[in-house]
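Terminal number for the sequence shown in our numbering: 768, no gaps in between.
No residue lacks a Cβ here, since even glycine has one placed at the ideal position from N, Cα and C.
Bear in mind that the values here come from a model prediction, so they are computed numbers and not experimental data.
First comes the structure, then the notes that go with it.
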Amino acid sequence: MPQAPSRVDPAHFFGSSGLLARQLPGYEDRGAQRRLSEAVERVLEDGGVLLAEAGTGTGKTLAYLLPAVEAGRRVVISTGTKNLQEQLVDKDIPVLARALGRPLSVAVMKGRGNYLCLTRFESFRKAGTYRRFEEIPLFQAVERWLPDTTTGDRAEIEDLPDGVDFWREISATSENCVGGSCPSFQSCFVTRMRQDAERADLVIVNHHLLCADLAVKDAGYGAVIPDYDTLVLDEAHLIEDTAAQYFGKQVSSLKVDELCRDVERELKAATLDAREVYSQVESLRHRADSAFKLLARAAGQRLAAGWMSGRAAEEGGALLNRLQGLSAAILAVPERGEGLTGLATRAAQVKDELGFLLEAKDPDHVYFCEARGRYVALRATPIDVAPLLRERLWTPARAAVLTSATLAVDGGFAHLRSRLGLEADHVEEVLLPSPYDFARQAVLYVPKRMPEPQSPAFVDRAAEETEALLELSQGRAFVLFTSYQNLHKVAERLAGRVPWPLLVQGEAPRATLIEQFRRTPHAVLLATASFWQGVDVAGEQLSCVIVDKLPFASPADPVVSARIDRLKNQGGNPFAEYQVPVAILMLKQGLGRLIRSASDRGILAVLDSRLVEKSYGRRFLQSLPPARLVHDLEQVREFAAGLEPPGSRPQL
117 MPQAPSRVDP AHFFGSSGLL ARQLPGYEDR GAQRRLSEAV ERVLEDGGVL
167 LAEAGTGTGK TLAYLLPAVE AGRRVVISTG TKNLQEQLVD KDIPVLARAL
217 GRPLSVAVMK GRGNYLCLTR FESFRKAGTY RRFEEIPLFQ AVERWLPDTT
267 TGDRAEIEDL PDGVDFWREI SATSENCVGG SCPSFQSCFV TRMRQDAERA
317 DLVIVNHHLL CADLAVKDAG YGAVIPDYDT LVLDEAHLIE DTAAQYFGKQ
367 VSSLKVDELC RDVERELKAA TLDAREVYSQ VESLRHRADS AFKLLARAAG
417 QRLAAGWMSG RAAEEGGALL NRLQGLSAAI LAVPERGEGL TGLATRAAQV
467 KDELGFLLEA KDPDHVYFCE ARGRYVALRA TPIDVAPLLR ERLWTPARAA
517 VLTSATLAVD GGFAHLRSRL GLEADHVEEV LLPSPYDFAR QAVLYVPKRM
567 PEPQSPAFVD RAAEETEALL ELSQGRAFVL FTSYQNLHKV AERLAGRVPW
617 PLLVQGEAPR ATLIEQFRRT PHAVLLATAS FWQGVDVAGE QLSCVIVDKL
667 PFASPADPVV SARIDRLKNQ GGNPFAEYQV PVAILMLKQG LGRLIRSASD
717 RGILAVLDSR LVEKSYGRRF LQSLPPARLV HDLEQVREFA AGLEPPGSRP
767 QL
């Protein structure tokens, strides 16, 4: 790896007449940005862990990118979403390169499912089947794109829907990969991605790929990401839930169905007359259909050892036998290729995972069943990922930086350290408030004497309050809910009663709704959890954010309930130590959608009187941006009078 040039001092780089100012017209020197960059530089140089909350507008991305490219060794930067990955590569890193006056050695790595597999593509082209006729022209678009792409990244294909079925059949997922024995190995897009990353100083990944890499290392399948000892986690508040997902196990009816289809297609593409394998596939399909229908009765429940009735135990055992039978039948085909051999291994792995799930014996996991649409899944999730992260991520790392706009609770990082397995003695902590003037730019409205959120009267009052607030903001609002039930009830009550265009989650893909909101004057977006974070709408188009109630995770959720039980068994207070801190961070995320620039102004509203009437409400208020707290709509009206430019108020 080439030696890094002499280092650039953050004070010189971020100063009012520094290198960055010369690239950005209207640049403002932000002291918090410089302090964050200096803290990151210290940790990357001296080693250790940095926890840094940097409020909206701090400029944290460039603050950590500068010391990362100056480190003189490979640094992995992991983001919470693919969108932020793309922002880093398309916007922030080019600005940094221009300011430094030199090219930067950067590679982007996404999860394997984002990349086309040349071998599977050819197999599908010869013997694949479409579930819907409208997917045929979409596949033809992929065929036209393939000769020109150098990355194989599906993001390059315009208008390819996220949920298109055939992409799962042609993507480079690890469960179908045969590695170096694949005839397309040298031209493989995943191989190229890894080779590019091996040569890069800066490797941009996301949390899903980072955790998938840790999981495959643990399983002995080798690394996905090149060796590194220096890590920056942006949007670090998401890492616990992402790690829990990847350190767990799951077997679904979809997973078994895809296994069966992949075996059939491989046999057709190889023109093999393997009647016993075909027979085993049909038998497995029939048994899986019967077993998962029976297992679906446990949907939403926590499962424990002995959870299956006699009939369910029989069906589960028969399904295990069918998976073993398919693996054995494939291995008995003398002329099988690497593809079929890999499928035999895959069937055996699914059998082992299913056996672990059906037993439900490991006390460190919570077991549960989910039913979504046509598919049923059995899952096991670690109750506490702190020991796993400590062993696999923090201990091997020489230096790690965790940053986000929402990490701190009660003015500190004790909650985060306990959830992520970080030792206080080895952690530097930096808490940098947003440079925005929330007292001037925003007002926080919390009505008093609202019905309890569980009360049947709550939704009607919430709809009335929302309607009144939308009148004041002239639409231009996000209305964020903690449940689909409340979302749909309020949407029904608002329809026909407000003159603003209503965009409702579920009516179109997430990205489409956000783009429609940006383009539609005075639009109102009603949405749930996935819109609480990672959405950036600057300017007057978003002038109001309304949250229906404090976002406490449901105790009926199996993972939440298992974490509560564990804390109780350890003598802790789950509500104070876990439920309240998690809700505080979520509320900070939701309300953080509003003020995205120094010129933004708007209304924040939480329609939950517990925020001011319960003792724990103080913990929420102390963690929120310092906007002026009001309880009277007239006070909101006075503030709102300054939101609308003269002459732009529509006629009602």
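Residue from the options with nearest C-alpha to residue i
i: Leu167; options: Asp748, Thr174, Gly175 and Val156; result: Val156
i: Val575; options: Val663, Tyr732, Arg462 and Leu439; result: Val663
i: Ile711; options: Asp681, Tyr694 and Gly655; result: Gly655
i: Thr172; options: Gly733, Val224 and Ala714; result: Ala714
i: Phe594; options: Arg514, Pro572, Thr497 and Trp648; result: Trp648
i: Pro503; options: Leu641, Ala524 and Ala359; result: Ala359
i: Glu356; options: Ala257, Val525, Ala643 and Gly196; result: Gly196
i: Leu284; options: Val525, Asp553, Gly229 and Asp329; result: Rather than Leu, the amino acid found at residue 284 in this sequence is Arg. With distances taken between Cα atoms, Arg284 lies closest to Gly229.
i: Ser599; options: Ile680, Gly296, Leu216 and Leu642; result: Leu642
i: Tyr362; options: Cys293, Pro498 and Gln139; result: Pro498
i: Ala420; options: Val698, Leu666, Ala540 and His481; result: His481
i: Asp350; options: Thr245, Asp681 and Leu518; result: Leu518
i: Thr307; options: Thr267, Leu326, Asp343 and Asp278; result: Thr267
i: Leu619; options: Gln632, Gly612 and Arg613; result: Gln632
Spatial distance of residue i from residue j (CA atoms)
i: Val653; j: Asp208; result: 18 Å
i: Pro450; j: Thr461; result: 16 Å
i: Arg427; j: Gly433; result: 10 Å
i: Gly336; j: Pro512; result: Any reading at Gly336 needs caution, since the residue's pLDDT is 49, under 50, leaving its predicted position unreliable; the model's value is listed next. Those two C-alpha atoms are separated by around 17 Å.
i: Val501; j: Leu318; result: 27 Å
i: Leu523; j: Val397; result: 49 Å
i: Leu200; j: Ser659; result: 23 Å
i: Asp468; j: Pro741; result: 49 Å
i: Arg635; j: Gly591; result: 13 Å
i: Val758; j: Val640; result: Rather than Val, the amino acid found at residue 758 in this sequence is Gly. Cα to Cα, Gly758 sits roughly 20 Å from Val640.
i: Gln465; j: Val372; result: 11 Å
i: Ser297; j: Arg218; result: 39 Å
i: Thr174; j: Leu538; result: 25 Å
i: Asp343; j: Leu326; result: 12 Å
Reduced DSSP category for residue i - H, G, I as helix; E, B as strand; rest coil
i: Ser764; result: In this prediction, Ser764 has a pLDDT of 41, which is less than 50 and means its spatial position is unreliable; what the coordinates show is noted afterwards. Of the three classes helix, strand and coil, the one that applies to Ser764 here is coil, per DSSP.
i: Lys365; result: strand
i: Tyr143; result: coil
i: Gly537; result: coil
i: Gly426; result: helix
i: Ile193; result: strand
i: Phe484; result: strand
i: Tyr552; result: coil
i: Asp350; result: strand
i: Ile719; result: strand
i: Asn602; result: helix
i: Gly164; result: strand
Neighbour-count burial assignment, residue i, 16 or more Cβ in a 10 Å radius
i: Asp769; result: Absent from the structure is residue 769, since the part of the chain shown begins at 117 and ends at 768.
i: Ile252; result: exposed
i: Gln601; result: exposed
i: Arg508; result: buried
i: Lys684; result: exposed
i: Gly708; result: buried
i: Thr346; result: buried
i: Arg270; result: buried
i: Ala692; result: exposed
i: Glu274; result: exposed
i: Lys704; result: buried
i: Thr177; result: buried
Check: residue i C-beta below 7 Å from any heavy atom of the ligand COA
i: Cys233; result: In the structure on display, the ligand COA does not appear, and there are no ligands present to speak of.
Cβ shell of residue i (< 8 Å), same chain only, five flanking positions each side left out
i: Arg495; result: Gly364, Lys365, Gln366, Leu473, Tyr483, Phe484, Cys485 and Glu486
i: Ser369; result: Ala404, Asp405, Phe408, Arg490, Tyr491, Val492 and Ala493
i: Glu545; result: Leu166, Leu167, Ala168, Gly528 and Phe529
i: Arg753; result: Leu588
i: Tyr180; result: Leu152, Ser153, Val156, Ile193, Val348, Asp350, Val517 and Thr519
i: Glu272; result: Trp261 and Thr265
Cutoff 6 Å; reference residue i; Cβ partners in own chain excluding five residues on either side
i: Arg123; result: Glu186
i: Leu532; result: Leu523
i: Pro766; result: In this predicted model, Pro766 has a pLDDT of only 35, less than 50, meaning its place in the structure is not dependable enough to derive any value.
7 Å Cβ shell around residue i - same chain, five flanking residues per side excluded
i: Glu154; result: Pro126
i: Leu354; result: Gly196 and His323
i: Ser300; result: Leu234 and Thr235
i: Thr582; result: Val595, Val606, Leu610 and Ile662
i: Pro569; result: Lys665 and Asp724
i: Pro671; result: Ser677 and Ile680
i: Gly453; result: Ala386
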